[in-house]
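One structure is given below, encoded as structure tokens.
Dropping the structure here:
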């Protein structure tokens, strides 16, 4: 038979084993819980990293596409600008190289139109009640080559047109300057403090501004 001491010892050992099992079970449960928590956290981190990497890669692709599109646009703009420059340079060369009679007709038309435009503007100012200074002379300037080739003939021809359209008084005030103008062609009409620049470079620049959109549609229809 077990003595009282042995019973106490046995009871203590049994309690200790029970507590040990409880502690071990709790520890194992905690370990599993912690392991599960870390696994879930690791999965979240992995997903976050994957999502961030995907977003960054998509952002990089978008930036690359944008840069490529901008580069293409810049290349096309440069090419368009160059081709437009060449187109209008060719137009200028064609005008300058045209035969004597046609170029002379162009100069007469430019001068006549400039005179009629001035008369129209003056009439508008009068109708608006503005004070209009009397003009003593309309002075025509040509470049050295055109001055030598055409001289007074341009003014004489334009004077006849102006006389028919807006009267003798204004036509009679047309004068040819013997001072050559520093222009590439065309002419300059000066009256009072005003100067109407009808040089080829100015006229072609104005035409370019007005027609550039339409010309681009024709030249770059496939781009």
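In the working numbering, the protein residues as written are 14 to 236. Beta carbons are placed, not taken as given, at the ideal position from N, Cα and C, and that holds for glycine.
Cβ-Cβ distance between residue i and residue j below 7 Å
i           : j           : result
residue 156 : residue 194 : yes
residue 150 : residue 115 : no
residue 105 : residue 189 : no
residue 167 : residue 120 : yes
residue 101 : residue 217 : yes
residue 163 : residue 117 : yes
Bridge-paired residues (DSSP) for residue i
i           : result
residue 126 : For residue 126, which the question treats as bridged, DSSP gives no partner whatsoever.
residue 152 : 188, 203
residue 138 : Residue 138 is not bridged to any residue.
residue 208 : 203
Neighbourhood of residue i by C-beta distance below 7 Å, restricted to the same chain and skipping five residues each side
i           : result
residue 146 : 205
residue 137 : none
Assigned exposure category for residue i - 16 Cβ within 10 Å defines buried
i           : result
residue 45  : exposed
residue 196 : buried
residue 219 : exposed
residue 90  : exposed
residue 183 : buried
residue 18  : Confidence is the limiting factor: at residue 18 the pLDDT is only 48, short of 50, which leaves the residue's position unreliable, though a coordinate-based value still follows. Exposed is the call here.
residue 141 : exposed
residue 159 : buried
Close Cβ partners of residue i (< 6 Å) along its chain, the five nearest in sequence each way excluded
i           : result
residue 211 : 123, 127, 199, 200
residue 203 : 152
residue 132 : 179
residue 109 : 198
residue 227 : none
Cut-off 8 Å between Cβ atoms - residues of its own chain near residue i, not counting five sequence neighbours on either side
i           : result
residue 208 : 201, 202
residue 192 : 154
residue 86  : none
Is there contact between the segment 172-189 and the segment 128-139, where contact requires at least three CB pairs shorter than 8 Å? yes
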